[in-house]
Amino acid sequence: MAGISSTLSIAKTAIAAQQYGLNVTGHNIANVNNPDYSVQTADQKNMKPALYGGFLFGTGVDTYQVRQSVDQLLEQRLTTELSSQASFEELESYMKILEGFFNENSENSISNVLTEFWSSWQDLSNNPEGSSERVVVFENGEKLASRLESAVLSMDDLTRDINADINSAVTQINELTSKIAVMNQEVLSSELNRTANDQRDERNRLVDELGKLIGIDSFEQSDGSLIVNIANSFTIVSGVDTYALSVKDNEVAIESSSGTDRAISDKISSGKVGGLLEIRDVIIPKYRSEINELSREMIWAINYQNSQGAGLAYFSEPVIGDYATDDSRWLTSYAFGDKIDFSKDFTMWVEDQTDAEARYTKINMDMSLSEAALSGWQGTAPSGVQSIYKLTVVDDALIGDKEVTETDGDGLAGVFGLVLTSGAATTVSTTLDRAIAEQTLTVYNGPDGTGVIEIKDIGGTAKRSAASIAAALNQVGGVTAYASENSATFNTGGIANAQDGDEIKFSFYIDGLVQDSSFIRDSSAGSVQEQFEDALLSVAEAVNTLNEDKDLFVSGLKITSSSGKTLGVQDFDVQDNSGVSLDTFSDFNEGDTISFTIDSMSGTATASTTSVSVDLAGVDTTDQAQMSLAFSTALASALTGEPFTIENDLSTNSVIIRTTDGSDIRLKNAGNDTGNNATIQLSALSGTTADAGNIDSILDFTAAANDSARYNATTTSADSIIFSGQGTQVTV
4 MAGISSTLSI AKTAIAAQQY GLNVTGHNIA NVNNPDYSVQ TADQKNMKPA
54 LYGGFLFGTG VDTYQVRQSV DQLLEQRLTT ELSSQASFEE LESYMKILEG
104 FFNENSENSI SNVLTEFWSS WQDLSNNPEG SSERVVVFEN GEKLASRLES
154 AVLSMDDLTR DINADINSAV TQINELTSKI AVMNQEVLSS ELNRTANDQR
204 DERNRLVDEL GKLIGIDSFE QSDGSLIVNI ANSFTIVSGV DTYALSVKDN
254 EVAIESSSGT DRAISDKISS GKVGGLLEIR DVIIPKYRSE INELSREMIW
304 AINYQNSQGA GLAYFSEPVI GDYATDDSRW LTSYAFGDKI DFSKDFTMWV
354 EDQTDAEARY TKINMDMSLS EAALSGWQGT APSGVQSIYK LTVVDDALIG
404 DKEVTETDGD GLAGVFGLVL TSGAATTVST TLDRAIAEQT LTVYNGPDGT
454 GVIEIKDIGG TAKRSAASIA AALNQVGGVT AYASENSATF NTGGIANAQD
504 GDEIKFSFYI DGLVQDSSFI RDSSAGSVQE QFEDALLSVA EAVNTLNEDK
554 DLFVSGLKIT SSSGKTLGVQ DFDVQDNSGV SLDTFSDFNE GDTISFTIDS
604 MSGTATASTT SVSVDLAGVD TTDQAQMSLA FSTALASALT GEPFTIENDL
654 STNSVIIRTT DGSDIRLKNA GNDTGNNATI QLSALSGTTA DAGNIDSILD
704 FTAAANDSAR YNATTTSADS IIFSGQGTQV TV
């Protein structure tokens, strides 16, 4: 080791290192006004010493990396807040426009127009025969109708504007995701024993812009690329791959890996798009519904009062010609039919001016409903109320000249004394046999003679449902039949043991069609009842799409067939999934790449074994928030396509692992910790129990420990739902 040469060499490395530092400092100063720039630091370390004269002499200093000063957790929180702010700004903007439609300070406000309308009625009540008062009532009525219609039309125009904004935002989102994928590629190609700081800054800027448009979650993979999810788990960017959004029938949809599109509007809750969807799908329909309800109640109240008296002209203008009634229908199917009091009768006078001397006829309208019944109805539960049949006479014949009448469908899907438990293999056909057996109905005394109807699900004239039987009866001469709507109500109070992550499944039956449905219990998405209501809505939409009609409709936990089809439920099950929480990450070392194995065991699917590696380079291992982020990111990447869900709980700095197929969880083979002493605290989630074979609730990264921890799903059959028809009920 030459003296002067080594000294000069050390000086050279020192000058070079300081020059690098000055370059980084200059770069920082140059970007002082760049809001998207992250401060960079040149990290230095001593060079390898040289052996000389029996001693180790230092050889200088080296700059080994230029790193960013970035708090990834803070960046994610900032993106989330930007997304919420953008949503609120859109809501505020459109709420101001909506407020203008109901400007109470103007002369044409709805309240002022209503006041004028009621005042004119007051004037008319004081002088009922006054023609001027009648004209004012008419004019103010037109003005009120025009004002209400104007508000609704304005909201329709606003909805179209919002749809245009959503289309524009979706286009921007697709452009940003493409740019993020490009930046992922640049980071991947640039980072080899170094950090692409400026490319990362640009990528973070693009992520923030994307977050302003739609709520996102982002995770950095071990190779430096970024995964971006939207709408609670739908991946929109994965490394260099993107999945485009589109707008179809005014619904936001995302392209799946299979190439199909899936609607996600109801899952978008923040960002500009979230705000637009809330104003379009929640706020505007609420105001439109309130205006419609106000109009409907006013129409009924005014028409009702008007019906209590007579006009200035006792009879209307003469009616000349031949007239016939339309097809008979249930009065309840007409507008305001639900308000008709069937216990009241009314009288109508007819003036006949055919001859020189007018003749008057009084007609009494009997609003009561006559009842008749079919004989020979067969079922295996004779003690129960099986069906109710109501007769409507549509000609001058007397009741009783026909022996088959209209069926309204009550009780056709009745259940008598049958109790089913979660997980039991059941079908609606077993229950249906008890209410409606396959049988033959015979219609006598019709104009075409005797009619025969074979009731059976396969090969018969009619299926075992009110809708199908009524349709078959209509084919018989002399019979007019209608099936009234049939409804069933669920009570979900018995689903008491379903925990977050458990899967609730059932199959809905409608006239032989079975529609499967399932959802994952998620308390953040609402109560069990609210999630079940969403599942029923999806069932109704799916069945209506298959049948190309709008027969099924849902209100809360009540599902109704407007045509009277048979409704049923079968194969109810609550699949208990296991879950474990990882927290208190202790004694890990920065720079290590630790590893462990996670298994799914004894589930409904094939057991799986997955190795997980967690890169702790650049991670402050004493910061629990950074550790939980590092572990959740690694787990999410490694377990893609496996029967697990991963969640980083920011409130507790823990990682939540759940199975999705009813299997158990096992963690084992933990290792590669430099200190050979790292540990993770494990806790069973609700609905999960620690296996009796576990030594403790700690996952040890000690090489000699060969630790293994298993957590089992708690199986229970106590969950149930109550399915109530019209006068019938069953617990499932």
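Just so we're on the same page, the numbering used here is the position in the sequence shown counted from 1, plus 3. Beta carbons are placed, not taken as given, at the ideal position from N, Cα and C, and that holds for glycine.
Contact check for THR587 against ILE601 fails: the beta carbons are separated by 8 Å or more. By the neighbour-count criterion, in which a residue is buried when 16 or more other Cβ atoms sit within 10 angstroms of its Cβ, LYS568 is buried.
Its chain contains GLY63 as the residues whose beta carbon lies nearer than 8 Å to that of LYS15, once the 5 sequence neighbours on both sides are disregarded; these appear in chain order.
Rounded to the nearest angstrom, the Cβ distance from ASP164 to THR82 is 27 Å, too far for a contact under 8 Å. Under DSSP, the beta-bridge partners assigned to ALA266 are ALA256. Bounds of any beta strand (DSSP E) do not take in GLU593, whose DSSP letter is neither H nor E. For GLU457, DSSP records a beta bridge to THR443. Residue range 627 to 641 is occupied by the alpha helix (DSSP H) that includes ALA633, with no beta strand (DSSP E) assigned at that position. In the structure shown, MET50 adopts coil according to DSSP, grouped into three states. Residues of the same chain with a CB within less than 7 Å of the CB of SER228, apart from the 5 flanking positions on each side, are ASN187, VAL190, LEU191, GLY242 in chain order. The stretch 510 to 518 and the stretch 581 to 597 do not touch, with fewer than three beta-carbon pairs separated by less than 8 Å.
Around the Cβ of GLU650, a 10 Å sphere holds 16 or more other Cβ atoms; the residue is buried. CA-CA distance, PHE120 to PRO131, rounds to 16 Å. C-alpha of LYS466 to C-alpha of THR563: approximately 18 Å in a straight line. Taking a C-beta distance under 8 Å as the contact criterion, SER589 and THR682 qualify as a contact pair. If you ignore the 5 residues before and after PHE339, its C-beta comes within less than 7 Å of the C-beta of TRP303, all in its own chain and listed in chain order. The C-alpha of ASP503 is placed about 21 Å away from the C-alpha of LEU670.
A distance below 8 Å separates the beta carbons of ALA469 and ASN489.
DSSP lists ARG661 as the beta-bridge partner residues of GLY582. In the structure shown, the three-state DSSP call for ILE698 is coil. Spanning the alpha carbons of PHE509 and THR495 requires a straight line of approximately 12 Å. Here GLU506 carries a strand assignment [DSSP, helix/strand/coil].
Of the candidates GLU281, THR28, ASP341, GLN75, GLN75 places its Cα closest to the Cα of ARG203. When Cβ pairs closer than 8 Å are counted between the two stretches, the stretch 88 to 104 is seen not to touch the stretch 37 to 56, the count staying below three. With a contact defined as Cβ atoms closer than 8 Å, GLY463 and ILE724 miss out at about 31 Å. The alpha carbon of LEU688 has as its nearest neighbour, out of GLU84, ALA628, ASN715, THR162, the alpha carbon of ASN715. If the five residues before and after SER114 are omitted, its C-beta is found closer than 7 Å to the C-beta atoms of GLU107, all from its own chain and listed in chain order. Rounded to the nearest whole angstrom, the C-alpha separation of ASP39 and VAL231 is 19 Å. DSSP, reduced to helix, strand and coil, places TYR246 outside both helices and strands of the structure shown, so it counts as coil.
Boundaries of the beta strand (DSSP E) harbouring TYR714: 711 to 716, taken from the DSSP string. LYS561: member of the beta strand (DSSP E) spanning 561 to 564, first to last residue. Here ILE597 carries a strand assignment [DSSP, helix/strand/coil].
Considering only ILE597, ASP344, MET351, the residue with the shortest C-alpha distance to MET630 is ILE597.
Nearest in C-alpha terms to SER112, of all of SER90, ILE271, LYS146, ILE239, is LYS146.
Residue LYS275 holds the alpha-carbon nearest to the alpha-carbon of GLU92 among VAL240, LYS275, TYR23, SER565.
By the Cβ-count criterion, GLY571 is buried, with 16 or more other Cβ atoms from all chains shown falling within 10 Å of its own Cβ.
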